[in-house]
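So the mapping is simple: the numbering used here equals the position in the sequence shown, first residue as 1, plus 357.
For each residue, glycine too, the CB sits at the ideal point set by N, CA and C.
Following: one structure in structure tokens, then a few remarks.
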Amino acid sequence: MGISVWVLAALAVLGSASAANVLVVVPTPAKSHHFLLERLALDLAERGHRVTFVTSFRQPKPVKNLEEVIYPDYYKELMKSFTGVSGEPTLLDMHALGYIKSTFMLHKMGLAMTDMFLSTQTIRDFIRSDRKYDLVIGEAFFIEAVLAGFSKKYDCPLIALSTNFPSFYVNYMVGNPSPSAYIPSSVLGFSDDMTFIERTANFLFETMTSVYFHSVYLPAQDSLMRKHFGNGLPPIEKIMTNTSLVLVNHHSALAAARPYLPNMVEIGGYHVRPPKPLPEELKKFMDNSKNGVILFSMGSHAKSTQFPREKQKMFVSVFAKLKQNVLWKFEDDSLTDLPDNLKIMKWVPQSDVLAHPNIKLFITHGGLLSTTEALSRGVPLLGLPIFGDQPYNMAAVERSGFGKKLSLQDLDETVLYNTITEMLSNKAYKETAMRKSVHLNDRLMPPAETAVFWIEYVIRHKGAPHMRCAAVDLEWYELYLIDVFAVIAVAVFLAGWLACRCTRAVCRAICCRKPAKKRKTN
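Below, the structure is given as structure tokens:
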């Protein structure tokens with residue numbers, strides 16, 4: 358009887374979580390950013406939650422428990438504000454921005470994206486509508502006004518998804534420590550094994566970016582929040598530091614281990630699911646490739662058609678010299694005079710292809726989703742990073758020993774051919790990739806189940822305030838003990854000054870004292 362009562366109580370608790378109203382919002386009109394949150398929304402809907410999914414990409418067919426709110430795609434306008442290039446920028450345009458400049462351009466793009474998103478008629482109508490939610494989930498990617506505004510409007514907990522390893526602006530939301538001595542900035546392209554010069558550059562860059570973020574960028578996001586959600590809101594920083602949970606799309610198999618607070622949960626590999634059967638024609642191509650297949654894809658955000666024409670011809674020339682077949686995701690039909698071993702497809706089921714036993718190498722831009730898929734399948738990587746977290750991802754891959762990276766700007770036919778042939782002939786890359794794959798996949802439970810469990814945990818415990826770190830309530834000078842060091846420094850200075858004064862006074866008294874006169878005697 359007692360056991361039955363406990364079972365019923367447990368079911369009641371789980372049932373209350375499964376009936377929640379959840380808002381999942383994706384303001385970034387890019388497929389790679391949409392993909393992870395789409396998986397999350399679908400998994401929550403399958404669990405019985407009533408999910409409202411705000412995105413620019415519609416599901417191919419209706420999904421039970423999922424309401425879609427589709428806003429217009431403003432991707433090209435956004436990219437123009439990011440690169441300053443009219444029309445579709447080439448990959449070299451984006452690469453030429455450089456790591457540091459691209460960081461500040463990302464802040465600029467984030468402000469533009471936030472305002473564009475909240476200004477669309479679809480979202481304006483959505484904000485004015487009478488709705489109630491138990492939870493808001495969104496990506497931690499330069500959209501603070503969106504996350505803070507919706508969280509405060511519905512007076513509900515906020516869960517942020519970090520689509521790569523958490524940078525300083527994600528860490529500050531929950532007060533997570535991120536020492537610059539061994540945790541490199543994603544945009545500098547350093548590994549965790551930094552030289553003195555790299556550690557110095559990393560510290561200065563993180564400090565400079567943090568000052569800019571808090572003094573310029575965050576106040577601008579606060580203004581956007583008030584513009585679109587009203588003036589009667591607390592400061593945006595206070596709202597963001599009440600974030601209940603951060604889901605981190607990362608894993609220590611991908612890069613060096615780092616510290617996480619209890620309300621930061623790794624779900625790296627979340628989007629990787631068991632492989633599906635390949636289309637018949639593609640399966641035949643893969644099966645018949647006796648010398649193996651090289652997959653070449655620049656992801657969903659960057660496109661191979663954005664390579665300059667001379668670079669496209671260079672790739673074709675190199676591929677023609679290889680004995681392996683090459684599957685190249687190329688988005689139009691402009692390539693001509695292709696060698697027999699090269700197959701062009703406008704879209705490739707990437708994760709499923711990487712699971713095929715004949716895959717030998719994956720040439721990629723180094724985005725985290727692609728990197729994780731390759732690692733999960735045990736496939737070596739040759740990276741051509743462009744911007745964002747890609748340089749860091751490939752630096753970590755290279756240091757771990759299951760891949761190499763090349764500079765897109767300086768890439769030529771000889772370097773590319775020699776690198777590919779060296780990686781194909783050296784078994785160490787494949788062996789390391791397989792070992793790292795085991796590290797990634799050996800877990801207590803799959804990352805999809807981990808993510809859903811912690812989301813429902815936050816719902817059950819009304820935001821789980823017991824996991825909140827006190828660091829978020831401290832001023833910056835308190836957090837870094839500046840006030841303590843200042844008081845100690847003043848105390849030491851005063852003690853030293855007083856000691857010097859006393860010493861001088863004693864010395865003066867001794868040195869200036871006149872000797873006593875001797876009495877004359879007859």
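7 Å Cβ shell around residue i - same chain, five flanking residues per side excluded
| i | result |
| --- | --- |
| residue 746 | 521, 543 and 725 |
| residue 573 | none |
| residue 607 | 521, 522, 623 and 625 |
| residue 805 | 400 and 627 |
| residue 378 | 407, 489, 490 and 491 |
Continuous beta strand (DSSP E) stretch holding residue i: start and end
| i | result |
| --- | --- |
| residue 488 | No beta strand (DSSP E) contains residue 488, which DSSP labels as neither H nor E. |
| residue 425 | 423-427 |
| residue 499 | Here residue 499 belongs to no beta strand (DSSP E), and DSSP marks it neither H nor E. |
| residue 684 | 682-686 |
| residue 410 | 407-412 |
| residue 651 | 650-654 |
| residue 519 | 515-519 |
| residue 602 | 602-605 |
| residue 819 | From DSSP, residue 819 is part of no beta strand (DSSP E); its letter is neither H nor E. |
| residue 338 | With the chain covering only 358 through 879, there is no way to say anything about residue 338. |
Length of the line joining the Cα atoms of residue i and residue j
| i | j | result |
| --- | --- | --- |
| residue 644 | residue 710 | 11 Å |
| residue 491 | residue 396 | 19 Å |
| residue 630 | residue 839 | 47 Å |
| residue 768 | residue 569 | 34 Å |
| residue 782 | residue 493 | 49 Å |
| residue 666 | residue 706 | 25 Å |
| residue 741 | residue 720 | 7 Å |
| residue 465 | residue 385 | 14 Å |
| residue 365 | residue 402 | With a pLDDT of 43 at residue 365, under the threshold of 50, the predicted position of this residue should be treated as unreliable, though the coordinate-derived value follows. Their Cα atoms are separated by approximately 23 Å. |
| residue 605 | residue 855 | 53 Å |
| residue 358 | residue 512 | With a pLDDT of 45 at residue 358, under the threshold of 50, the modelled position of that residue is not reliable, and the figure given next carries that caveat. Going from the Cα of residue 358 to the Cα of residue 512 covers about 40 Å. |
| residue 653 | residue 777 | 12 Å |
| residue 389 | residue 830 | 34 Å |
| residue 530 | residue 858 | 48 Å |
| residue 484 | residue 470 | 17 Å |
Cutoff 6 Å; reference residue i; Cβ partners in own chain excluding five residues on either side
| i | result |
| --- | --- |
| residue 539 | 549 |
| residue 590 | 509 |
| residue 579 | 593 |
| residue 382 | 411 and 495 |
| residue 363 | Below a pLDDT of 50, predicted positions are generally treated as unreliable, and residue 363, at 45, falls in that range; the measurement from the model is reported next regardless. So the list is empty, once near-sequence residues are dropped. |
| residue 661 | 655 and 687 |
| residue 373 | Because the pLDDT of residue 373 is 46, which lies under 50, any placement of that residue in the model is unreliable, and the number read from its coordinates should be weighed accordingly. Within the same chain, residue 373 has no close Cβ partners at all. |
| residue 427 | 415 |
| residue 409 | 380 and 424 |
| residue 460 | 544 |
| residue 367 | Because the pLDDT of residue 367 is 45, which lies under 50, any placement of that residue in the model is unreliable, and the question is left without a value. |
Alpha helix (DSSP H) segment containing residue i, residue limits
| i | result |
| --- | --- |
| residue 568 | 553-569 |
| residue 582 | 575-586 |
| residue 839 | 839-869 |
| residue 717 | Segment 716-721 is the beta strand (DSSP E) holding residue 717; no alpha helix (DSSP H) there. |
| residue 623 | No alpha helix (DSSP H) holds residue 623; the beta strand (DSSP E) holding it covers 621-623. |
| residue 597 | 593-597 |
| residue 643 | 637-644 |
Own chain partners of residue i with C-beta closer than 8 Å, once the 5 adjacent residues on each side are dropped
| i | result |
| --- | --- |
| residue 376 | 405, 406 and 407 |
| residue 429 | 413, 477 and 479 |
Per the contact definition of three or more C-beta pairs closer than 8 Å, is the segment 615-627 in contact with the segment 655-674?
Taking 8 Å as the limit for Cβ pairs, the verdict is that the segment 615-627 does not touch the segment 655-674.
As an exercise, report each continuous beta strand (DSSP E) stretch of at least 3 residues that is fully enclosed by the segment 736-817, in chain order.
Whole beta strand (DSSP E) segments, 3+ residues: 738-740 and 760-762.
Would the segment 575-594 count as touching the segment 501-515 if we require 3 or more Cβ pairs under 8 Å?
With a cut-off of 8 Å on Cβ pairs, the segment 575-594 is in contact with the segment 501-515, counting three or more such pairs.
Would the segment 517-537 count as touching the segment 406-426 if we require 3 or more Cβ pairs under 8 Å?
Touching, no, given that fewer than three Cβ pairs across the two stretches are closer than 8 Å.
Would the segment 693-712 and the segment 635-652 be scored as touching if the rule is three or more Cβ pairs under 8 Å?
Segments in contact, yes.
Three Cβ pairs or more, each shorter than 8 Å: is that satisfied between the segment 758-777 and the segment 817-831?
At 8 Å Cβ cutoff, the stretches do not touch.
Is there contact between the segment 839-857 and the segment 548-562, where contact requires at least three CB pairs shorter than 8 Å?
No: fewer than three Cβ pairs fall under 8 Å.
Okay, do the segment 770-779 and the segment 745-759 touch, 3+ Cβ pairs below 8 Å being the bar?
Judged by pairs of C-beta atoms under 8 Å, the segment 770-779 does not touch the segment 745-759, as fewer than three such pairs exist.
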